[in-house]
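The listed protein sequences derive, respectively, from chains A and B. When we follow the working numbering, the leftmost residue of the first sequence carries the number 2, and every step to the right adds one. When we follow the working numbering, the leftmost residue of the second sequence carries the number 3, and every step to the right adds one.
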Amino acid sequence: MEELENLRKAYVRHIVIGMIIVVVIGIGATIAFNNPQIIIFALIFGITIVILTGSSKKKKLADNYKKQIVTTTMQELFTDVGFDYDKGYPSSIISETGMMRMGNTYRSNDWYSGKYNDVSFSCSDVYIAEVTHDSDGDTDTTVYFSGQWYVFTFNKSFKGAFQVCEKGFNYSKHGGLFDKSIQKVELEDVNFNKEFNVYSTDAHSVFYVLTPHIIESIRKINEAIPGRLLFCFMGNLLHIGVYNGKDNFQPKVFKSMNLEDEKQKVRKEIEPITKFIDELRLDNSIFN
Amino acid sequence: MNVLLIVILVLVIILIVPFITISNKFNRLIVKIDEADSDIDVALIKRHDTLTKMLDVVKGYAKHEKETLVEIINVRKGMSSQEKTEAIKSLDESAQKINVLAESYPELKSSENYNTLQKSIADTEEHLQAARRMYNANVSAFNQYLVSFPASVIGGMKGLSKKEFLEAEEEKKEDVKMDL
C-alpha cells in the first residue's frame, strides 16, 4: 500500500510541478512578447506536455493498483480468478450477439474472469463508437456502448437466442444471429414491457427462460445498478452489458489511498457480478 | 362528376385502409394464439410421455404392489382450453402419485434412470408453464385489442369474440422446483 501511495504522490507531484512551470512560462512569455493570446497557447501546449510526460507514471500507478488492490479483492470474493488488464474481449464476442451496431471504433481492456458460487463468468470494459469526419474536418463521435460487458454460463439450454434491451438504448441491431424471423415479444408483465424490449427468434424460449422470478429479478437489478442494461441469452451463455459510461478499476489520483476504502470501491465495481448470479439464480439448477 | 368520384374514392380509402390494417393485426394475434396453443399441446404430450415412462420404471420396482395402479390421462392435439386445464391437473396428480409411490423404494429413488426422468419431468413442466404463459399473454393482447375502438367494430364485423385464458393453479405460478 505504501508503494502505491508513493507512486500516486510521485504522479501528483509531476502534475503539480508541471502545471506551475507551465503557468510561470505562460505568464513570462505573455509579458515578454506583450501578447495576452500567448498564455492560452502556452497553457494548451504545456498541459499536453505535462500529461504526456506523466503517462508512464500514471500507467505504473494504475497497473500496481490493479495488481495490489483489484486482484486481491477479487481473490477474496471469487475462485479461479484470472485477469489480463491490458486485454479485453475481441469485438466478435459482442458482434456475435447481434445486440448492437459495432461502429468503427472498438476498445476493450481490464479483462478478468472467475467463478462465484460455481458459476463461471468473465468481464471486461468495452467501448464501441462510430467516429466520422465531415468535409470541414470536424469529428463527430457517437458512442454506441461504454461500460462493462459480462458473460456468464447459463443454467438452461434452449432453442434460438433472444435479447432483452432496456428502453432508451437506441443502438440495438437485429442482425447476426437474429435473422428476419426475429420478433418483438410482449411478456405478461406490463411493467417489464414498459422498461424493456424483448426480441427473439423463438417466443417460446423467451417465456421458458424469463420466468416470473427472472422477470422480477431483472427489474430489481435494473433499479439497483446504474446504467442501461442489455441482456442476450444465447446457447448456454448469458451476456450482460451495463452501459454506464464508466471505466472500472481506476485509482483516484488526487486523494490519498486507504486500503479498506479502495477495496470497498473495487467491491462496489464488481458487485454487479454477485448481483446477477444471486438475483438471477444462475447458481441454481432447477433440480436441487 | 370527377370531384364526386374523387370524394368517394378518398372515403373508400379512408375506410378500407384501417379495415385492412386492423384486420391484419387480428389475424397476426390469432396466429400467435394458435402457435402458443400448439406449444401447449407439444408440452402436454411430452409431459404425458415422460410420466408414462416414469410409471413404467416405477412398476419395474413394484411389480406386485396394488398401488401401482396410477392412471395417466391420454392427451391429444386440439383439445379445448377446458380440456387442457383438466389434462394439466390430471397429469399433475399422476406425477404426485408416482412420486409418493417412489418414496417406498429407496433404490428406485437413487437410480440414474429415475433421476433422469425426474429432471425430464421438471423440464417438461417448465416448458408447459412457458407455453401457458405465452398463450395467456397472447390471449390478453387479443382481448385488449378486441375491446379497443375502432378495432372493436371491425372485430364485431369479423365475428370475433374474447378468447378464454388457460387458468393456472396458484402453486404453479411459482417457478418449478423439484427435490430429488
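Glycine included, every Cβ here is placed at the ideal spot set by N, Cα and C. Quick caveat: nothing in here was measured; it's all calculated off a predicted structure.
If we count the other Cβ atoms within 10 Å of its Cβ and call it buried at 16 or more, is residue i buried or exposed?
{"i": "S206 of chain A", "result": "buried"}
{"i": "V17 of chain A", "result": "exposed"}
{"i": "L182 of chain B", "result": "For L182 of chain B, the predicted model reports a pLDDT of 38, less than 50, meaning its position is unreliable; a value from the coordinates is still stated below. Counting Cβ neighbours within 10 Å, L182 of chain B comes out exposed, since fewer than 16 surround it."}
{"i": "D1 of chain A", "result": "Here chain A covers residues 2 to 289 and nothing more, so residue 1 of chain A does not appear."}
{"i": "S106 of chain B", "result": "exposed"}
{"i": "G27 of chain A", "result": "buried"}
{"i": "D126 of chain A", "result": "buried"}
{"i": "V60 of chain B", "result": "buried"}
{"i": "N140 of chain B", "result": "buried"}
{"i": "E224 of chain A", "result": "exposed"}
{"i": "E88 of chain B", "result": "exposed"}
{"i": "M103 of chain A", "result": "buried"}
{"i": "R30 of chain B", "result": "exposed"}
{"i": "K165 of chain B", "result": "buried"}
{"i": "L53 of chain A", "result": "exposed"}
{"i": "I278 of chain A", "result": "buried"}
{"i": "A11 of chain A", "result": "exposed"}
{"i": "G55 of chain A", "result": "buried"}
{"i": "V14 of chain B", "result": "exposed"}
Give the straight-line distance between the Cα atoms of residue i and residue j, rounded to the nearest whole angstrom.
{"i": "N4 of chain B", "j": "S136 of chain A", "result": "52 Å"}
{"i": "I74 of chain B", "j": "I35 of chain B", "result": "27 Å"}
{"i": "E4 of chain A", "j": "F250 of chain A", "result": "18 Å"}
{"i": "E217 of chain A", "j": "L6 of chain B", "result": "58 Å"}
{"i": "Q84 of chain B", "j": "L46 of chain B", "result": "14 Å"}
{"i": "A130 of chain A", "j": "T106 of chain A", "result": "5 Å"}
{"i": "K60 of chain A", "j": "E127 of chain B", "result": "54 Å"}
{"i": "I32 of chain B", "j": "Y200 of chain A", "result": "20 Å"}
{"i": "I226 of chain A", "j": "P273 of chain A", "result": "7 Å"}
{"i": "P108 of chain B", "j": "E95 of chain B", "result": "21 Å"}
{"i": "T154 of chain A", "j": "V12 of chain B", "result": "58 Å"}
{"i": "S45 of chain A", "j": "E270 of chain A", "result": "Sequence check: residue 45 of chain A is Ile here, not Ser. Rounded to whole angstroms, I45 of chain A to E270 of chain A spans 34 Å at the Cα level."}
{"i": "K116 of chain A", "j": "G161 of chain A", "result": "26 Å"}
{"i": "G177 of chain A", "j": "S96 of chain A", "result": "With a pLDDT of only 47 at G177 of chain A, under the threshold of 50, the placement of this residue in the model should not be trusted; the figure read from the coordinates follows. G177 of chain A and S96 of chain A: Cα-Cα distance of roughly 7 Å."}
{"i": "K91 of chain B", "j": "V77 of chain B", "result": "12 Å"}
{"i": "G138 of chain A", "j": "R108 of chain A", "result": "23 Å"}
{"i": "F167 of chain B", "j": "Q146 of chain B", "result": "13 Å"}
{"i": "Y172 of chain A", "j": "T98 of chain A", "result": "13 Å"}
{"i": "I241 of chain A", "j": "K276 of chain A", "result": "12 Å"}
{"i": "S121 of chain A", "j": "F84 of chain A", "result": "14 Å"}
{"i": "A204 of chain A", "j": "M81 of chain B", "result": "22 Å"}
{"i": "N118 of chain A", "j": "G47 of chain A", "result": "51 Å"}
{"i": "S150 of chain B", "j": "F146 of chain A", "result": "39 Å"}
{"i": "G355 of chain A", "j": "N259 of chain A", "result": "Absent from the model: residue 355 of chain A. The displayed extent of chain A is 2 to 289, so no value can be given."}
I need the boundaries of the beta strand (DSSP E) containing residue i, first residue and last residue.
{"i": "F163 of chain A", "result": "162 to 167"}
{"i": "D111 of chain A", "result": "106 to 117"}
{"i": "T133 of chain A", "result": "120 to 134"}
{"i": "D141 of chain A", "result": "140 to 154"}
{"i": "M56 of chain B", "result": "Where M56 of chain B is concerned, there is no enclosing beta strand (DSSP E), although the alpha helix (DSSP H) it sits in stretches over 4 to 63."}
{"i": "R229 of chain A", "result": "229 to 235"}
Along the chain, where does the alpha helix (DSSP H) containing residue i start, and where does it finish?
{"i": "V191 of chain A", "result": "191 to 196"}
{"i": "Y86 of chain A", "result": "Premise fails: Y86 of chain A is in no alpha helix (DSSP H) and is neither H nor E."}
{"i": "R268 of chain A", "result": "260 to 280"}
{"i": "V243 of chain A", "result": "From DSSP, V243 of chain A is part of no alpha helix (DSSP H) but of the beta strand (DSSP E) over 238 to 244."}
{"i": "F46 of chain A", "result": "38 to 66"}
{"i": "K111 of chain B", "result": "108 to 112"}
{"i": "D248 of chain A", "result": "Looking at the DSSP string, D248 of chain A is not in any alpha helix (DSSP H), and its letter there is neither H nor E."}
{"i": "F34 of chain A", "result": "3 to 34"}
{"i": "E85 of chain B", "result": "83 to 105"}
{"i": "F151 of chain B", "result": "Premise fails: F151 of chain B is in no alpha helix (DSSP H) and is neither H nor E."}
{"i": "R220 of chain A", "result": "213 to 225"}
Give me, in chain order, the residues of the same chain whose beta-carbon lies closer than 8 Å to that of residue i; leave out the 5 immediate sequence neighbours on both sides.
{"i": "D39 of chain B", "result": "Y137"}
{"i": "S25 of chain B", "result": "I156, K160"}
{"i": "V19 of chain B", "result": "none"}
{"i": "R268 of chain A", "result": "T74, L78"}
Does the distance between the C-beta of residue i and the nearest non-hydrogen atom of the ligand SAM fall short of 7 Å?
{"i": "L103 of chain B", "result": "With respect to small molecules bound, the structure shown includes none, and the ligand SAM cannot be examined in it."}
In chain order, what residues of the same chain lie with their CB nearer than 7 Å to the CB of residue i, ignoring the 5 residues before and after it?
{"i": "G228 of chain A", "result": "G148, V243, Y244, N245"}
{"i": "K168 of chain A", "result": "E196, F197, N198"}
{"i": "I215 of chain A", "result": "L281"}
{"i": "I22 of chain B", "result": "none"}
{"i": "K221 of chain A", "result": "E280"}
Using a Cβ-Cβ cutoff of less than 6 Å, which residues in the same chain neighbour residue i once the five nearest sequence positions on both sides are dropped?
{"i": "Q131 of chain B", "result": "none"}
{"i": "G19 of chain A", "result": "V51"}
{"i": "K1 of chain A", "result": "Missing from the structure shown is residue 1 of chain A; chain A here goes from 2 to 289 and no further."}
{"i": "D41 of chain B", "result": "A133"}
{"i": "K48 of chain B", "result": "T126"}
* Counting pairs of Cβ atoms below 8 Å between the stretch 153 to 165 of chain B and the stretch 212 to 232 of chain A, do you hit three or more? -> Verdict: no, contact absent.
* Asked: Should the stretch 245 to 264 of chain A be regarded as contacting the stretch 66 to 73 of chain A, the criterion being three or more beta carbon pairs within less than 8 Å?
  -> Yes, the stretch 245 to 264 of chain A is in contact with the stretch 66 to 73 of chain A.
* Asked: Is the stretch 32 to 52 of chain A close to the stretch 92 to 101 of chain A, with three or more CB pairs under 8 Å?
  -> no
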